[in-house]
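The structure appears right after this line, and notes come after that.
Residue numbers (the numbering used here): 1 to 299.
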């Protein structure tokens, strides 16, 4: 169902709400031709993290960007927001819209969601672009280990009720004053207007609910993800895009994937390539997906 945008938007995209697996999922779409690309954001983000990239990709592809369940303008109702449930919700959306197979991209903490989707439904996936992400069981846990430089916010978000207790009413201080500044390298790439849009989303009632559910899941599912790589070997072509995290994304994906893994390093860019270096990221993604399309090969 097409809807009016609840917040910021850009020319050329339409906003939609889909009833999927008992929840409302917000997504935007753009482009009228070419193979479909599905973009999945990280934290503390929404579909808006891709607003500079979408017009570049939509020149030659149909592009879809979602708000993860429990985040953005998707439903924040009570429910399960673990990576397995979320992966099946994304797959149900692809099925509902008759999009498959798709090129799918994951930024930040959505890596496990997209990895599960592609592992369990390989016929619906053409390629996987992993952007500044990792997987439980293959090194992600180090990101939460504060004794070795890991991020403190992961534990805060994963503890039930703590994020809402500490961050409600302080979203601006956290998102605008800590989260984005701490992980952004390209000065001025994330504007005040961008921060306002992310604040609008996360300041909604239960605005952190999806992040809490997903972080809880990521901290507990390492053995499940490693087992999945054995029972459902991941042969989909992978592009690992590293920036602030260096080669961490490639290291993870090259261990977890049974198929080919290509690597692109965006030097001088922070944790948010879609916002900090949209032209460079779009060029890398287009080169990769167009090559996959030309080969007609998912293995």
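Here a beta-carbon is modelled for each residue, glycine too, at the ideal position from N, C-alpha and C.
Residue 297 versus residue 260 - alpha carbon distance: For residue 297, the predicted structure reports a pLDDT of 48, less than 50, and the residue's modelled location is therefore unreliable. The matter cannot be settled from this model.
Best match in 23, 200 and 268 for proximity to residue 168 [C-alpha to C-alpha]: The candidate whose alpha carbon is nearest that of residue 168 is 200.
Over the uninterrupted alpha helix (DSSP H) stretch that includes residue 132, give me the two end residues. Per DSSP, residue 132 lies in no alpha helix (DSSP H) and is assigned neither H nor E.
Would the beta-carbon of residue 195 fall within 8 angstroms of that of residue 178? No; because the gap between Cβ atoms is not below 8 angstroms, this pair is not in contact.
For residue 23, which of helix, strand or coil comes out of DSSP? If DSSP states are grouped into helix, strand and coil, residue 23 belongs with the strands.
Comparing the CB of residue 183 with every heavy atom of the ligand HEM, is any distance shorter than 7 angstroms? Here there are no bound small molecules, and the ligand HEM is not part of this structure.
Short Cβ contact (8 angstroms threshold) for residue 87 with residue 117: With respect to the 8 angstroms criterion, residue 87 and residue 117 are classified as neighbours on the basis of their beta carbons.
Among 131, 166 and 28, whose alpha-carbon lies nearest the alpha-carbon of residue 242? Looking at 131, 166 and 28, the one whose alpha-carbon comes closest to that of residue 242 is 131.
According to DSSP, which residues form a beta bridge with residue 242? Within the DSSP bridge table, the entry for residue 242 names 265 as partners.
Measuring only the C-alpha atoms, how far is residue 258 from residue 234? Near 5 angstroms, if we compare the C-alpha coordinates of residue 234 and residue 258.
Once DSSP output is grouped into helix, strand and coil, what is the label at residue 77? Coil.
List the DSSP bridge partners of residue 234. Residue pairing by DSSP puts residue 234 in a beta bridge opposite 257.
Give the single residue among 189, 8 and 293 whose Cα lies nearest to the Cα of residue 279. Nearest option by C-alpha distance: 189.
Given a threshold of 16 other Cβ atoms within 10 Å of its Cβ, counted over all protein chains shown, does residue 137 qualify as buried or as exposed? By the neighbour-count rule (16 or more Cβ atoms within 10 Å), residue 137 is buried.
CA nearest to the CA of residue 300, picked from 270, 248, 76 and 285: Here the chain covers residues 1 to 299 and nothing more, so residue 300 does not appear.
In the DSSP assignment, find the alpha helix (DSSP H) that holds residue 283 and state where it starts and stops. If you look at residue 283, you'll find it in the alpha helix (DSSP H) that goes 278-295.
Using the beta-carbon count (16 or more within 10 Å), is residue 133 buried or exposed? The residue in question, residue 133, is buried, as its Cβ has 16 or more Cβ neighbours within 10 Å.
Range covered by the beta strand (DSSP E) that runs through residue 13: Taken as a continuous stretch (DSSP letters only), residue 13 belongs to no beta strand (DSSP E), as it is neither H nor E.
By a C-beta neighbour count over all protein chains shown, 10 Å radius and 16 as the cutoff for buried, is residue 47 buried or exposed? Buried.
What are the boundary residues of the alpha helix (DSSP H) that residue 65 is part of? Counting along the chain, no alpha helix (DSSP H) covers residue 65; the unbroken beta strand (DSSP E) around it starts and ends at 62-66.
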